[in-house]
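Student: Chains as they are written, first to last, in this note's numbering: chain A, 3 to 127; chain B, 106 to 300.
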């Protein structure tokens, strides 16, 4: 990869990706998982027009719960950008973000119960 | 829960990682069962390059993008299962950490004609302690090698399931995914932490 390569095209525009996030690349204290579900709140939908394009688009597309990675694919913006913006929207009450159950990492109480539900779900497909 | 709209019911996201070499059929596997056409997302990665040109700082950072394919399956019990295909190229293995974190488990998809292509995935999941199964993609129903041959070639523990599947066939993929969860369950209940 050459350092002379152009910046990636984002959503049909040529922009430096993290311009959309004011240059920030982290999501505060709690990192958001790729599969974390973003869902617009009633307040978020009401205030949608007060946000910049990318954030307003996240609210619009998360009227039904939609994963971070899915928002990134549909909006054609990098995953990291969606994470930062979704974290901001969460902090301002415009969306909720549901991370995967922590028990999947800790394998603590409720782990096998959750796995049984998932297995039941897969077998019922 | 705080809303009366039914679509606002809290869904729980879970994921299974689909790994394997380039061209082994990961996206086909995901597409066979996903309720959406597999989508592609990109992550921007900052790499530190070797300073070749002395005019540049020797720790010059370079950004590049990594593509990941994924699919989605809505399950009962308000669960949403995401299937993530790992980026094919070896140089993006560090992205796998994020993919593996919190995953129920993984499928290592194998083409026995290029079995070495999945070594990196097996190494990674063994090291991480992620439950995984080996799924041999039979490509049109041909079993070129027996499961013991595959086990020997991969040097995986006896308890790691080896399953044959056709990555294009929905019920085959369903069976492999069920095997991942069963294996994770078995491991949790028998307290085995290998494989």
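Glycine included, each C-beta is placed from N, C-alpha and C at the ideal position.
Starting from residue 214 of chain B, find everything on chain A with Cβ-Cβ shorter than 8 Å and list it in chain order.
Tutor: Residues of chain A passing the Cβ test: none, with the nearest at roughly 17 Å.
Student: Just reading off the alpha helix (DSSP H) that residue 182 of chain A is part of, what are its end residues?
Tutor: No information on residue 182 of chain A is available, as it lies outside the stretch 3 to 127 that chain A covers here.
Student: Are the CB atoms of residue 230 of chain B and residue 123 of chain B within a distance shorter than 8 Å?
Tutor: Contact flag unset, no.
Student: Is it true that the CB of residue 40 of chain A sits closer than 8 Å to the CB of residue 76 of chain A?
Tutor: Result no, Cβ atoms of residue 76 of chain A and residue 40 of chain A do not sit closer than 8 Å.
Student: At a Cβ cut of 8 Å, what residues of the region 114-132 of chain B count as close to chain A, listed as they run along the chain?
Tutor: Under the 8 Å Cβ criterion, the region 114-132 of chain B contributes 115, 116, 117, 118, 119 and 120.
Student: Applying the 10 Å Cβ sphere with the 16-neighbour rule, what's the burial state of residue 55 of chain A?
Tutor: It counts as exposed.
Student: Looking only at C-alpha atoms, which of B:126, B:269 and B:252 sits nearest to residue 263 of chain B?
Tutor: Per the Cα distances, B:252.
Student: According to DSSP, is residue 135 of chain B part of a helix, a strand, or is it coil?
Tutor: The answer is helix: DSSP assigns residue 135 of chain B an H, G or I state.
Student: With a Cβ-Cβ cutoff of 8 Å, do residue 99 of chain A and residue 116 of chain A count as a contact?
Tutor: Against a cut-off of 8 Å, the Cβ pair of residue 116 of chain A and residue 99 of chain A comes out as no contact.
Student: Could you check which residue in B:250, B:150, B:244 and B:285 has the C-alpha nearest to that of residue 118 of chain A?
Tutor: When only C-alpha atoms are compared, the closest one is B:285.
Student: Using C-beta distances below 6 Å, list every residue in its chain close to residue 101 of chain A, excluding the 5 sequence neighbours before and after it, in chain order.
Tutor: Once the five neighbours on either side are set aside, the close Cβ partners of residue 101 of chain A are 35 and 38.
Student: Between residue 120 of chain B and the ligand GTP, is there a pair consisting of the residue's CB and a ligand heavy atom that are separated by less than 7 Å?
Tutor: Judged by which ligands are present, the structure shown has none, so any question about the ligand GTP falls away.
Student: Taking residue 122 of chain A as the reference, give the member of B:218, B:289, B:227 and B:180 with the closest Cα.
Tutor: Nearest C-alpha to residue 122 of chain A: B:180.
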